[in-house]
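S.K.: This structure is in structure tokens; I'll ask about it shortly.
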Amino acid sequence: MTPDSSINVLNQPLVICGTDPVTGFFRDGHCNTCAQDQGSHTVCAVMTAEFLAYSKYVGNDLSTPRPEFGFVGLKPGDPWCLCAARFLQAADEGCAPRVHLAATHLRALDIVPLDVLRDHAIDESEG
């Protein structure tokens with residue numbers, strides 16, 4: 001698998017999303033993607049209790065640990081490279097988490113309009 005260029009939605013170098021827990025399609029802490037990433041795990045989002053409950057309700061439980069897959073389960077405050085379609089679905093439902101634009105891959109724009117991402121953006125000075 002060859003990763004796409006590491007460019008964010010601001011047309012700048014992609015910054016790290018998170019390493020505790022380690023996120024990303026390539027499990028490198030970045031929301032890098034490639035042709036094989038069918039879920040487009042490109043949106044760097046900071047988990048909230050509301051989003052985690054919503055995600056579990058719609059069948060994508062991100063909060064329950066799955067040790068057999070090396071997954072510790074997410075908690076509010078954890079950064080995670082979300083599937084772009086799941087983020088857009090949550091935005092449409094009014095429960096999308098906040099996003100780090102500098103850590104959100106350019107390919108997210110194939111699915112999520114930039115104005116929707118900006119509506120949920122964290123002030124990058126907040127960390």
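Numbering follows UniProt numbering, in which position 44 of the sequence shown is assigned residue number 44; successive positions increment by one, without gaps. Think of the CB as a built atom: it goes at the ideal place given N, C-alpha and C, for glycine as much as any other residue.
1. Hey, how far is the Cα of HIS100 from the Cα of ALA91?
2. Check each candidate in TYR57, GLY70, GLY59 and GLY24 and name the one with the smallest Cα separation from ALA45.
3. What ranges does the beta strand (DSSP E) occupy inside the region 9-89, keeping only unbroken runs of at least 3 residues that lie completely in it?
4. CB-CB under 7 Å to VAL112, same chain, minus the five flanking residues each way: which ones, in chain order?
5. Would you kindly report the start and end of the unbroken alpha helix (DSSP H) that includes ARG118?
6. Applying the 10 Å Cβ sphere with the 16-neighbour rule, what's the burial state of ASN8?
7. If we call anything under 7 Å between Cβ atoms a contact, is ALA49 one with PRO67?
8. Between the C-alpha atoms of HIS41 and CYS81, what's the straight-line distance to the nearest angstrom?
9. According to the neighbour-count rule (16 or more other Cβ atoms, all chains shown, within 10 Å of its Cβ), is GLY18 buried or exposed?
M.R.: In this structure, then:
1. Roughly 15 Å separates the two Cα atoms.
2. Looking from the CA of ALA45, the closest CA among TYR57, GLY70, GLY59 and GLY24 belongs to GLY24.
3. The region 9-89 contains these whole beta strand (DSSP E) runs: 41-46 and 79-83.
4. Apart from sequence neighbours up to five positions away, the residues of its chain that approach VAL112 with a beta-carbon distance below 7 Å are VAL43, ALA84, PHE87 and LEU88, ordered along the chain.
5. 114-119 is the span of the alpha helix (DSSP H), which, as asked, contains ARG118.
6. Label assigned to ASN8: buried.
7. Inclusion of ALA49 and PRO67 in the CB contact set at 7 Å is not warranted, their separation being larger than that value.
8. Between the alpha carbons of HIS41 and CYS81 lies a distance of about 5 Å.
9. Flag for GLY18 reads buried.
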